[in-house]
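Here's the structure, in structure tokens; my notes come after.
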Amino acid sequence: MNILIANDDGVFAPGIQALAQALRPLGRVVVVAPESERSGFSSALTLDRPLRPVQIVPDMWAVNGTPADCVYLSMNGLFDFEFDLVVSGINSGANLGDDVLYSGTVGAAFEGRLMKQPAIAVSLAGPNVRAYESPEHYAAAAQWVHGFIAKGLPVLPARHILNINIPDVPALQGEKITYQGRRSQSKPITSHVDPRGRQVYWIGLSGEAVAEPKKGATAIESDFFAVANGFVSITPIQMDATNYGILNNLHAQFSKKA
Ligand SMILES: [Mg+2]
């Protein structure tokens with residue numbers, strides 16, 4: 001099996017290194033990742049300048065582009081072989097609820113799925129930001145990913161991926177299949193005056209989880225709930241953001257007018 005690993009935290013991030021190390025027993029692992037952090041880049045592609053992949057060591061490349069660029073290049077000519085699986089992460093920080101819209105980790109996984117290969121996005125969800133800088137916090141999560149892939153990934157339809165969040169806890173409680181939850185409004189931006197007297201603004205933290213009821217026939221919990229209770233959260237997500245209920249209603253309304 002040839003596994004492509006990308007991320008949005010950059011090629012030297014501890015999460016991607018731990019992941020590569022854990023997955024090597026499963027096959028050839030190739031890391032292609034941004035040369036520096038590109039969190040929040042979603043599925044952005046770089047179209048206004050050329051991309052220059054640099055090989056750091058065998059099977060590890062840094063790219064002066066976005067997470068999706070890395071996957072796009074890797075699956076469209078950078079290599080003379082095909083990949084069987086794309087794994088994005090392990091992100092430093094959760095990608096829960098509305099985070100999915102902004103996440104470069106998720107964007108890289110979607111890019112892989114668009115290229116017809118199974119893809120998963122993996123994030124470490126912990127309360128302590130400093131822990132995200134420590135390699136040891138990723139080891140257990142990376143081992144979990146290894147086990148999950150080794151068991152055989154569930155087969156998803158085209159344009160679907162799994163968004164996985166692993167809580168940064170001493171002992172995982174297990175795993176839960178979850179739905180994508182919601183966040184409340186983001187925290188206010190902070191504003192400062194720069195050393196030259198100009199006003200600058202810094203986008204702040206995302207909002208807290210919104211408490212929601214269980215959903216579906218078997219009362220499924222949200223991704224937030226799973227992680228808050230020590231479970232790995234596994235959410236199937238899709239590129240098609242159409243709301244088919246509203247689509248049908250609107251279509252009926254507009255058809256009448258016509
Ligand atoms: Mg990130």
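Residue numbers for the sequence shown follow this note's numbering, so the first one is 1 and each next one is one higher. Even glycine gets a Cβ: it sits at the ideal position worked out from N, Cα and C.
- Around the beta carbon of Thr-105, 16 or more other beta carbons lie within 10 angstroms, which makes this residue buried.
- Unbroken alpha helix (DSSP H) runs of no fewer than 4 residues, entirely contained in the stretch 151-179, are not found.
- Here Ser-134 carries a coil assignment [DSSP, helix/strand/coil].
- Taking C-beta atoms as the reference points, Ser-39 and Asp-8 count as a pair closer than 7 Å.
- Taking a C-beta distance under 7 Å as the contact criterion, Lys-151 and Phe-231 do not qualify as a contact pair.
- Cα atoms of Ser-92 and Tyr-244: separation of roughly 34 Å, rounded to the nearest angstrom.
- Contact between Leu-45 and Ala-68 holds: CB atoms are separated by about 6 Å, below the 8 Å threshold.
- Nearest neighbour of Pro-167 by Cα position, chosen from Ala-158, Pro-118, Trp-144, Leu-156, turns out to be Trp-144.
- Secondary structure note for Leu-85: its beta strand (DSSP E) is the uninterrupted segment 85-92.
- Less than 7 Å separates the beta-carbon of Ile-120 from that of Val-87.
- Judged by pairs of C-beta atoms under 8 Å, the stretch 26-40 touches the stretch 50-69, as three or more such pairs exist.
- Between the alpha carbons of His-251 and Ser-134 lies a gap of roughly 52 Å.
- Secondary structure at Lys-214: coil, using DSSP grouped into helix, strand and coil.
- Selection Ala-125, Tyr-72, Gln-55 evaluated against Gly-107 yields Tyr-72 as nearest (Cα-Cα).
- Closest by C-alpha distance to Glu-208, out of Gly-27, Asp-99, Asn-76, Ser-74, is Asp-99.
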